[in-house]
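A quick write-up on the structure given underneath.
Residue numbers (the numbering used here), protein chains in the order written: chain A, 139 to 259; chain B, 257 to 423.
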């Protein structure tokens with residue numbers, strides 16, 4: 139049995155082509171967002187303006203996340219979820235950008251003029 | 257005959273233990289940037305080893321036991337859902353690719369890596385009721401391809417070294 143077969147290479151090429159195509163056609167918007175929508179359990183709970191500095195703590199059964207909006211950017215901080223991955227995702231400001239905290243099932247999405255709906259995207 | 261069965265059972269137990277340890281080792285490896293669902297998938301090595309040494313039934317048993325044990329020890333119900341979605345899809349793809357026999361172990365492993373990440377993303381999309389996670393699709397497919405490639409090489413090397421031994 140050979141270590142690498144032609145089909146392997148083909149598979150790799152197909153996957154790479156597919157991901158490049160998805161990357162190009164599903165490209166993240168470069169347009170600055172206007173609003174931040176907060177989803178809890180997939181439900182839209184609140185909307186904030188990006189140019190209005192805000193600080194809000196969300197409490198869940200399993201812990202808290204604090205949403206901070208400043209300088210036109212939004213990010214999560216002071217999270218006590220086990221992995222703190224939502225903090226590591228950094229800040230978002232462009233239309234369609236998302237931060238997700240899976241343990242707390244919290245998601246924040248940046249929306250802009252064209253109202254690219256994250257749910258019906 | 258009984259001796260063969262006992263040997264197989266103990267080997268599968270050993271494989272399960274290796275899968276659990278690899279799952280833990282994986283958490284020690286830092287990933288520079290975070291993408292949801294991105295993992296090295298080291299424990300997939302044990303599943304793939306079982307697939308090649310015994311067959312798809314045994315590999316499936318290792319997979320389910322690994323996911324449940326890891327989930328109950330270190331994770332929660334949600335993480336079990338993710339691992340189950342990713343792992344099952346990965347194994348289905350690997351079994352199919354192995355059955356087609358046009359792929360080498362590396363191709364089988366790559367298909368598993370990509371399918372694993374796709375499965376996890378699909379579970380995430382269902383749980384969070386959002387489609388915006390599609391942004392992560394390209395990077396997840398590529399990372400699955402790359403990790404699958406290297407895991408395939410490791411699996412190939414291990415199997416080569418164990419060739420001819422009664423397992």
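We treat Cβ as the ideally placed atom computed from N, Cα and C, and that holds for glycine. Computed from a prediction, not measured in an experiment: that's the story for all the values here.
CB contact check: residue i to chain B, cutoff 8 Å
i, result
"residue 215 (chain A)", "no"
"residue 212 (chain A)", "no"
"residue 189 (chain A)", "no"
"residue 243 (chain A)", "yes"
"residue 240 (chain A)", "yes"
"residue 163 (chain A)", "no"
"residue 143 (chain A)", "yes"
"residue 149 (chain A)", "yes"
"residue 180 (chain A)", "yes"
"residue 146 (chain A)", "yes"
"residue 176 (chain A)", "no"
"residue 197 (chain A)", "no"
"residue 157 (chain A)", "yes"
"residue 154 (chain A)", "yes"
"residue 230 (chain A)", "no"
Test: residue i CB closer than 8 Å to a CB of chain A
i, result
"residue 393 (chain B)", "yes"
"residue 359 (chain B)", "yes"
"residue 401 (chain B)", "yes"
"residue 362 (chain B)", "yes"
"residue 367 (chain B)", "yes"
"residue 412 (chain B)", "yes"
"residue 198 (chain B)", "The structure shown does not extend to residue 198 (chain B), since chain B is modelled only from 257 to 423, so the question has no answer here."
"residue 281 (chain B)", "no"
"residue 384 (chain B)", "yes"
"residue 398 (chain B)", "yes"
"residue 260 (chain B)", "no"
"residue 323 (chain B)", "no"
"residue 285 (chain B)", "no"
"residue 379 (chain B)", "no"
"residue 303 (chain B)", "no"
"residue 317 (chain B)", "no"
Whole-number beta carbon distance between residue j and residue i, since they are thought to touch under 8 Å
i, j, result
"residue 412 (chain B)", "residue 297 (chain B)", "Going by Cβ atoms, the distance from residue 412 (chain B) to residue 297 (chain B) rounds to 16 Å, so no, they are not a contact pair."
"residue 345 (chain B)", "residue 336 (chain B)", "So it is not a contact: roughly 15 Å between Cβ atoms."
"residue 334 (chain B)", "residue 148 (chain A)", "Not a contact, Cβ separation roughly 36 Å."
"residue 377 (chain B)", "residue 392 (chain B)", "6 Å"
"residue 338 (chain B)", "residue 379 (chain B)", "5 Å"
"residue 228 (chain A)", "residue 213 (chain A)", "6 Å"
"residue 304 (chain B)", "residue 350 (chain B)", "7 Å"
"residue 169 (chain A)", "residue 191 (chain A)", "At roughly 21 Å, the Cβ-Cβ gap does not stay under 8 Å, so residue 169 (chain A) and residue 191 (chain A) are not in contact."
"residue 189 (chain A)", "residue 171 (chain A)", "That belief does not hold up - the Cβ atoms of residue 189 (chain A) and residue 171 (chain A) are roughly 10 Å apart, past 8 Å."
"residue 326 (chain B)", "residue 284 (chain B)", "Wrong, their Cβ atoms sit about 14 Å apart, outside the cutoff."
The ligand MG heavy atom lying under 7 Å from the CB of residue i
i, result
"residue 284 (chain B)", "Ligands in the displayed structure: none, and consequently the ligand MG is not present."
Buried versus exposed call for residue i [16 or more other C-beta atoms within 10 Å across all chains shown]
i, result
"residue 181 (chain A)", "exposed"
"residue 359 (chain B)", "buried"
"residue 258 (chain A)", "Bear in mind that the predicted position of residue 258 (chain A) carries a pLDDT of just 38, short of 50, making it too unreliable to give a figure here."
"residue 357 (chain B)", "exposed"
"residue 144 (chain A)", "exposed"
"residue 163 (chain A)", "exposed"
"residue 394 (chain B)", "buried"
"residue 404 (chain B)", "buried"
"residue 256 (chain A)", "Any reading at residue 256 (chain A) must be qualified, since the residue scores a pLDDT of 44, below 50, and its modelled position is unreliable; the value itself is stated next. So residue 256 (chain A) ends up on the buried side."
"residue 230 (chain A)", "buried"
"residue 236 (chain A)", "buried"
"residue 183 (chain A)", "exposed"
"residue 258 (chain B)", "exposed"
"residue 397 (chain B)", "buried"
"residue 382 (chain B)", "exposed"
"residue 155 (chain A)", "exposed"
Beta bridge counterpart(s) of residue i as assigned by DSSP
i, result
"residue 230 (chain A)", "A:212"
"residue 320 (chain B)", "None; residue 320 (chain B) has no bridge partner."
"residue 249 (chain A)", "A:173"
"residue 238 (chain A)", "A:245"
"residue 178 (chain A)", "A:181 and A:244"
Completely contained beta strand (DSSP E) runs for the segment 182–223 of chain A, where each covers 3 or more residues: Here the runs fully enclosed are 192–198, 201–208 and 211–215.
At which residue ranges does the segment 291–315 of chain B contain complete alpha helix (DSSP H) runs of 4 or more residues, listed in the order of the chain? 300–309, all fully within the segment 291–315 of chain B.
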